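This report concerns only the one structure given below.
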Amino acid sequence: QDCITGAESMWVAQKYIENPQIVHGKKFDIRQWVLITSWNPLAVWFYNNAYVRFSFDDYDAKAASNSFAHLTNYSIAKYASDFDEKRDDTMWECDTEYREWLKEVAQAEGSRYEDPWAQKIQP
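Here the sequence shown is numbered in my numbering, starting from 746 and rising by one per residue.
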C-alpha cells in the first residue's frame, strides 16, 4: 500500500548504466522481481529466478540511436529484421549461463570470488 494515501501501488526501479558491463559484445539487464511487504521495518522478498536480457545488436556507445544495441526489451527487439533467427540468443538464466560466465571472468581476472553471482550479486 502507498505509505501516504493507503492506496495500492506498483513501482518499477531502474537505472541507466552509462558504462555497462558487456557480455559477448551485448549490453544487458538483469530482470529480478522483488516484493516489499513492509516499509517500517523494511521487509523485502526476492524471487530466486532472475534472468539476463541481452540487447539484440552489439553495443556501441557512439551509436545511441540504435535501439537494438541500447535497449534489451523484447517489445523493441521483436522488430529486428533477423529476430526469429536470433531470439534464443537474447536471454540467459542468471543461475546457469550468466553465473558460469561470471565465474570465467572472475577466474581470468584473478578475482578473490570463486562464484561472483552467489557471493556478490544475488541477494
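Each residue gets a CB set at the ideal place from its N, CA and C atoms; glycine is no exception.
Quick caveat: nothing in here was measured; it's all calculated off a predicted structure.
- Per DSSP, I821 is one residue of the alpha helix (DSSP H) stretching across Y819 to A822.
- Counting along the chain, L847 sits inside the alpha helix (DSSP H) bounded by residues R844 to A853.
- Bounds of the beta strand (DSSP E) holding A788 are L787 to F791.
- From the listed residues A825, D774 and V779, the smallest Cα separation to V757 is found for V779.
- Inter-residue distance for Y792 and H815 is about 26 Å (C-alpha atoms, whole angstroms).
- Contact annotation: K848 and E830 have beta-carbon atoms that are not nearer than 9 Å.
- The region 832–842 makes no contact with the region 758–767, as fewer than three CB pairs between them are under 8 Å.
- DSSP, read as helix, strand or coil, puts K865 in helix.
- The criterion of a C-beta distance shorter than 9 Å is satisfied by F801 and A825.
- Scanning its chain for C-beta atoms nearer than 6 Å, with the 5 sequence neighbours on each side dropped, one finds around E838 the residues Y796, in chain order.
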